[in-house]
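A short worksheet on the structure shown next.
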Amino acid sequence: MAHLYCVAENTGKGFITADDSRNFYRSGHAGNVWVIENNTHGQAWVTRKGATLKTLVEAQAIVDGVIQTAIDTWEADNVEGETAEEKITRLGEKPVKYALPNAG
Amino acid sequence: MGIKTRNFANNILSGGTIDGTDFLSGTLPSSNITNDSAASVTSIPSISNVVSTVAGDPPSPALGDIWYNSSTNALKFQGFLSDAFSSGGNLNTALGSLGSSGTQTAALAFGGNDPGYSTATELYDGSTWTSNPTGLNVGRSILVGAGTQTASVAFGGYAGGGGAPTAGVSVEDWDGSTWTTGTSFNTKYGNAGCGSQTAALSTGGSGAPLSDRLDETEEYNGSTWTAGGNLGTARTYFKATGTQTAGLTFGGFLLGGTETNATEEYDGSSWTTGGNLGTSKRNLGGAGIQTSSIAFGGTDGTIYLATTEEYNGTSWSSNTATLSTARQSPGSAGTSSAAAAFGGTDGSLTNSTEEYNEAGAGAKTFTTD
Chain A
1 MAHLYCVAEN TGKGFITADD SRNFYRSGHA GNVWVIENNT HGQAWVTRKG ATLKTLVEAQ
61 AIVDGVIQTA IDTWEADNVE GETAEEKITR LGEKPVKYAL PNAG
Chain B
105 MGIKTRNFAN NILSGGTIDG TDFLSGTLPS SNITNDSAAS VTSIPSISNV VSTVAGDPPS
165 PALGDIWYNS STNALKFQGF LSDAFSSGGN LNTALGSLGS SGTQTAALAF GGNDPGYSTA
225 TELYDGSTWT SNPTGLNVGR SILVGAGTQT ASVAFGGYAG GGGAPTAGVS VEDWDGSTWT
285 TGTSFNTKYG NAGCGSQTAA LSTGGSGAPL SDRLDETEEY NGSTWTAGGN LGTARTYFKA
345 TGTQTAGLTF GGFLLGGTET NATEEYDGSS WTTGGNLGTS KRNLGGAGIQ TSSIAFGGTD
405 GTIYLATTEE YNGTSWSSNT ATLSTARQSP GSAGTSSAAA AFGGTDGSLT NSTEEYNEAG
465 AGAKTFTTD
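Heads up: the sequence lines are chains A and B, in that order.
Quick note on numbering: this note's numbering labels position 15 of the first sequence as 15, and the sequence is numbered without any gaps.
Quick note on numbering: this note's numbering labels position 113 of the second sequence as 217, and the sequence is numbered without any gaps.
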């Protein structure tokens with residue numbers, strides 16, 4: 001499955017419709033990055049939403065940047081005397097970077 | 105046989121339709137059909153007489169109807185659509201590990217990480233989230249809720265505080281506009297809950313940060329908590345649906361740090377084993393009743409999940425609907441046929457809402473993609 005990588009702000013209701021979900025693969029990521037199946041429906045959605053196309057490398061860099069900020073925030077947020085387990089409970093697990101789906 | 109073949113040929117009308125008033129019924133043996141049987145057929149009707157051309161989709165097509173929509177240049181038919189998620193209105197605040205209750209068109213979101221301990225309370229009308237002027241009395245995360253948008257109870261949670269975060273102990277009742285302190289119960293967070301404001305169920309969770317897993321169940325009648333039957337699998341970070349007397353729990357995080365696919369059913373006094381989830385997961389969302397629930401999102405310990413599973417009272421099966429944004433720890437509301445997932449984390453906190461709808465019959469387009 002070939003993918004399109006783009007940036008589009010999720011405007012809420014109607015941003016992705018049920019028909020969109022049925023007609024093309026889509027996955028949303030940090031930084032308003034969207035991975036969209038490259039078929040006629042996916043292409044039409046990108047146009048309709050005014051999304052800005054990115055390369056995989058560019059899209060990955062945006063996601064990594066947002067998650068790195070979350071990692072930095074997590075690491076800097078400490079309470080004296082707090083155990084590692086207590087910190088995870090308080091903040092949730094430390095964010096982890098991951099690879100966007102690759103067009104292959 | 106000669107008369108019947110004559111009837112068959114005569115019943116193909118010039119308009120391209122078949123006159124069924126005296127049409128053959130049953131099975132016609134192939135040995136009874138000879139080349140001479142079609143001798144009376146003088147022309148084959150045009151396909152345009154079978155597939156109608158219309159300027160727009162017909163208002164009430166029957167299952168199996170085919171038409172050509174000349175406005176959109178699409179060949180369409182009436183078939184069964186697949187279940188799907190679609191975007192809903194965004195929360196005003198991105199929240200993770202929040203409490204929730206209500207339905208898809210009248211949901212309630214409260215508390216959670218923002219990333220601190222939030223008191224925020226937001227109400228959803230099926231399109232838009234509205235922030236309530238006042239919030240929870242005790243800001244907290246990893247809490248649960250039960251009830252409706254106008255009558256809910258929030259219980260459990262992690263409230264932190266100073267150098268020694270402690271588990272939240274408060275129970276708060278919601279009347280549609282204000283939270284008031286209710287009757288406290290045993291200290292815990294990461295528990296699962298279901299039911300209503302006056303008949304709620306709390307089960308499992310942790311009493312101390314990641315160092316234990318509870319199997320206790322407590323029942324709330326709107327004013328007091330009483331002990332119920334113990335879970336078979338003690339766990340935290342899991343989901344419950346249903347009612348106080350017909351509850352369902354699934355997924356979770358076991359002592360030792362592994363996810364579970366365990367499902368248990370509650371009858372008002374004891375838990376029994378149900379069918380296992382297809383994938384072990386925790387921090388998931390879900391909606392429904394004991395005999396019909398869906399589970400969506402969560403994490404398998406490695407990745408955030410976008411997948412959905414559905415329970416029929418006996419076993420779980422994969423559903424084709426997937427979240428656009430894979431996430432863990434979302435709020436959730438609704439039923440197994442009309443649910444909502446909101447907030448959670450996909451690496452960072454998200455404010456997005458997605459609505460799940462079980463699909464029925466609908467217009468589908470023939471495509472070559």
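By construction, the Cβ of each residue, glycine as well, lies at the ideal position given by its N, Cα and C atoms.
Across the structure, serine 300(B) and tyrosine 460(B) are spaced so that their CA atoms are roughly 22 Å apart.
Per DSSP, leucine 381(B) lies in no beta strand (DSSP E) segment and is marked neither H nor E. If only complete runs of 3 or more residues are kept, the region 219-302 of chain B shows the beta strand (DSSP E) at 225-228, 233-235, 248-251, 256-259, 262-264, 275-278, 283-285 and 296-300, in order along the chain. Taking all protein chains in view, the Cβ of lysine 87(A) is crowded by 16 or more other Cβ atoms within 10 Å, so the residue is classified as buried. Around the Cβ of threonine 157(B), a 10 Å sphere holds fewer than 16 other Cβ atoms; the residue is exposed.
Rounded to whole angstroms, the separation of the alpha carbons of glycine 81(A) and asparagine 423(B) is 45 Å. Here glutamate 368(B) is near threonine 353(B), since their CB atoms are less than 7 Å apart. If you ignore the 5 residues before and after histidine 29(A), its C-beta comes within less than 6 Å of the C-beta of Val63, all in its own chain and listed in chain order. Within the DSSP bridge table, the entry for valine 158(B) names Asn173(B) as partners. Distance from the Cα of isoleucine 398(B) is smallest, within the candidate group Leu167(B), Ser245(B), Ser436(B) and Gly294(B), for Ser436(B). For glycine 42(A), the enclosing alpha helix (DSSP H) stretches over residues 40-48.
By the neighbour-count definition (other C-beta atoms within 10 Å, threshold 16), arginine 48(A) is an exposed residue.
A Cβ-Cβ separation of about 6 Å places threonine 426(B) in contact with threonine 411(B) under the 8 Å criterion. When Ser384(B), Gly336(B), Gly356(B) and Gly332(B) are compared, the shortest CA-CA separation from serine 373(B) is found for Gly332(B). Remark: C-beta atoms of aspartate 450(B) and tyrosine 415(B) do not approach each other more closely than 7 Å. Taking 7 Å as the cut-off, the Cβ atoms of serine 288(B) and arginine 22(A) do not count as close. In its chain, beyond the 5 residues on either side, Gly203, Gly215, Ala258, Gly260 and Gly261 have a beta carbon closer than 6 Å to the beta carbon of leucine 247(B). Residue contact check for alanine 2(A) against chain B: no CB pair falls below 7 Å. Close to chain B, meaning a Cβ-Cβ distance shorter than 8 Å, is no residue of the region 48-61 of chain A at all.
DSSP places alanine 430(B) in the coil class of the three-state scheme, outside both helix and strand. Assignment of beta strand (DSSP E) within the region 319-384 of chain B, counting only whole runs of 3 or more residues, yields 321-324, 329-331, 343-346, 351-354, 367-370 and 375-377 in chain order. At a cut-off of 7 Å between beta carbons, threonine 411(B) makes no contact with chain A. Among the CB atoms of chain B, one or more fall inside 7 Å of the CB of asparagine 10(A). A distance below 7 Å separates the beta carbons of asparagine 295(B) and glycine 308(B).
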